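Numbering (the working numbering), first residue to last: 269 to 792.
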């Protein structure tokens with residue numbers, strides 16, 4: 269009997285949900301269980317809509333909808349963060365984490381409502397289940413959130429609706445419904461927080477400017493992408509005049525809007541602050557030099573692989589081993605930064621994300637002089653999941669290792685760092701993607717023989733992935749004195765194993781999904 273991979277994937281997600289529920293055990297954790305049950309049923313409706321072509325937008329083919337694993341990320345993340353904030357007595361962040369949980373639930377329910385509304389014939393049983401789960405969640409929200417918090421949830425939902433209508437139309441086949449929920453929901457939340465903070469005050473001179481760089485960069489890149497996507501519908505983008513206009517408008521947006529906005533929020537001039545921040549210690553200068561060397565090595569790998577293809581090689585796609593070189597480079601980039609200087613790594617990841625997205629705009633719009641060469645060079649490294657107009661896998665890789673660093677709230681972290689398994693939280697991306705996914709892919713494709721039922725992934729790949737991550741944990745324990753696992757070794761091994769099983773069965777973007785689930789489990 270052939271097992272359905274979606275059922276195994278769903279079982280792993282349910283195991284994570286139950287683990288979080290047992291750790292926090294409150295009204296919202298019960299609502300997460302109800303949300304997971306209704307998302308499981310709705311997921312099958314989305315799968316059928318995608319197979320029959322009846323979905324509202326064009327989603328990524330050859331994958332299931334991924335509604336269940338994506339729907340649970342934000343709610344579980346909020347619950348895990350709330351537990352840490354309660355432990356340190358930070359009431360404001362505790363309420364903020366609760367809002368994150370509710371926002372995740374509302375976004376998931378909205379996605380479910382769309383699926384049930386366009387499915388024909390109307391799925392009566394699924395509608396009943398979704399209605400019961402939705403009613404329980406809404407009742408709990410009414411009992412737990414204040415009016416201002418409910419308004420904040422509605423604001424994020426409104427931004428999500430408009431952002432989805434625009435980006436899913438402009439970017440067909442780039443996302444599954446679950447990936448769209450996770451990515452666009454996260455962007456909507458960031459934009460709402462930035463607007464809220466901008467309107468609340470004119471800034472605090474004593475506040476740390478570092479957390480503001482990411483939301484400002486995200487909003488700027490979203491505005492840049494939407495503006496030129498609409499503009500280049502009406503004009504040719506490959507001419508020198510259009511390219512000059514693109515670069516000019518990018519400079520105007522950056523220097524004329526984003527830099528003043530950062531100055532307003534932080535009460536510091538961003539460029540002056542950056543120069544002081546980078547040159548504050550010699551360690552930062554050495555790290556930047558090391559990262560520059562790794563960047564040159566990455567460029568050399570790309571050029572070398574393309575020179576082989578242009579010399580007459582019949583291979584039109586880079587092998588799995590070659591693509592995993594970049595996973596190794598990301599480990600070499602992030603591991604020293606995590607051990608030596610996390611604030612610098614936080615900022616460097618924001619800069620790298622901005623550069624990646626800007627270069628992807630240049631490639632997509634064919635902006636001169638780099639547009640055509642980037643198209644030619646990056647074609648070799650296309651993943652089967654890069655079926656839309658954008659190439660996103662390398663951006664997902666960066667996001668996967670950077671999100672655990674960006675998401676860790678300093679105000680909910682004790683002075684000596686998080687205790688137990690929480691000490692490994694910033695390393696979640698490096699473990700899940702940099703080490704685990706890389707080893708699983710290489711060993712599974714080279715020596716793997718026993719396949720997991722219903723999937724191409726192998727038992728050998730998963731086993732070596734778990735073993736390699738355990739070795740990496742030992743290395744991090746030696747290199748980073750702030751990590752103290754105490755008696756949580758078994759929880760760490762169990763968390764790594766659950767995420768490795770999710771990697772074996774998911775058809776979603778594992779570079780993004782796996783680090784978030786490992787982050788949630790380690791944060792408990």
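Backbone N, C-alpha and C fix where the C-beta goes; we use that ideal spot for every residue, glycine too.
Here the structure is a predicted model, which means the values were calculated and not measured.
In this structure residue 310 is in contact with residue 398, their Cβ atoms being roughly 6 Å apart against a cut-off of 8 Å.
The DSSP assignment places 588 to 608 as complete runs of the alpha helix (DSSP H) inside the segment 552 to 621, in order along the chain (cut-off: 4 residues). Between residue 698 and residue 603 the beta-carbon gap is near 6 Å, inside 8 Å, which marks them as a contact. Residues of the same chain with a CB within less than 6 Å of the CB of residue 317, apart from the 5 flanking positions on each side, are 323 in chain order. DSSP links residue 719 through a beta bridge to 726.
Fewer than three pairs of CB atoms, one per stretch, sit closer than 8 Å, so the segment 375 to 388 makes no contact with the segment 694 to 710.
Within the segment 434 to 514, the runs of alpha helix (DSSP H) that reach at least 4 residues and sit entirely inside it are, in chain order, 445 to 468, 478 to 502. The beta carbon of residue 306 sits closer than 7 Å to those of 380, 397, 398, 401, all from its chain and outside the five residues before and after it, given in chain order. Taken through DSSP and simplified to helix, strand or coil, residue 399 comes out as helix.
In the displayed model, residue 314 falls within a helix according to three-state DSSP. For residue 759, the uninterrupted alpha helix (DSSP H) segment begins and ends at 757 to 773. A contact between stretches requires three or more CB pairs, one per stretch, nearer than 8 Å, and the segment 664 to 683 fails this requirement with the segment 711 to 729. Of the candidates 539, 534, 610, the residue whose Cα lies closest to the Cα of residue 551 is 610.
Taking a cut-off of 8 Å on C-beta distances, the segment 504 to 520 does not touch the segment 438 to 451, as fewer than three cross pairs fall below it.
Excluding sequence positions up to five before and after residue 784, its CB lies within less than 6 Å of the CB of 341, all in the same chain and listed in chain order. In the assembly as shown, residue 333 is a buried residue. Its beta-carbon has 16 or more other beta-carbons within 10 Å. DSSP, reduced to helix, strand and coil, places residue 325 outside both helices and strands of the structure shown, so it counts as coil. DSSP, reduced to helix, strand and coil, places residue 639 within a helical segment of the structure shown.
Residue 615 and residue 478 have their C-alpha atoms roughly 7 Å apart.
In the structure shown, residue 357 adopts coil according to DSSP, grouped into three states.
The segment 650 to 665 and the segment 618 to 634 touch, with no fewer than 3 CB-CB distances between them shorter than 8 Å.
Under the three-state reduction of DSSP, residue 749 is assigned to coil, being neither helix nor strand.
By the 16-neighbour rule on beta-carbons within 10 angstroms, residue 721 is exposed. In the DSSP annotation of this structure, the continuous segment of the alpha helix (DSSP H) that includes residue 664 starts and ends at 661 to 675. Here the C-alpha atom of residue 513 lies approximately 14 Å from the C-alpha atom of residue 522. In this structure, DSSP gives residue 651 a state outside helix and strand, which the three-state scheme calls coil.
Judged by beta-carbon spacing, residue 765 lies within the 7 Å limit of residue 734, meaning their Cβ atoms are closer than that value.
Contiguous alpha helix (DSSP H) elements confined to the segment 270 to 295 occur at 273 to 292, taking only those with 4 or more residues. For residue 544, the secondary structure class from DSSP, reduced to helix, strand or coil, is helix. The segment 487 to 499 makes contact with the segment 449 to 466; the number of CB pairs closer than 8 Å reaches 3 or more. Taking a C-beta distance under 7 Å as the contact criterion, residue 526 and residue 484 qualify as a contact pair. Residue range 778 to 791 is occupied by the alpha helix (DSSP H) that includes residue 778. Contact between the segment 633 to 649 and the segment 752 to 759 is not established, with fewer than three Cβ pairs separated by less than 8 Å.
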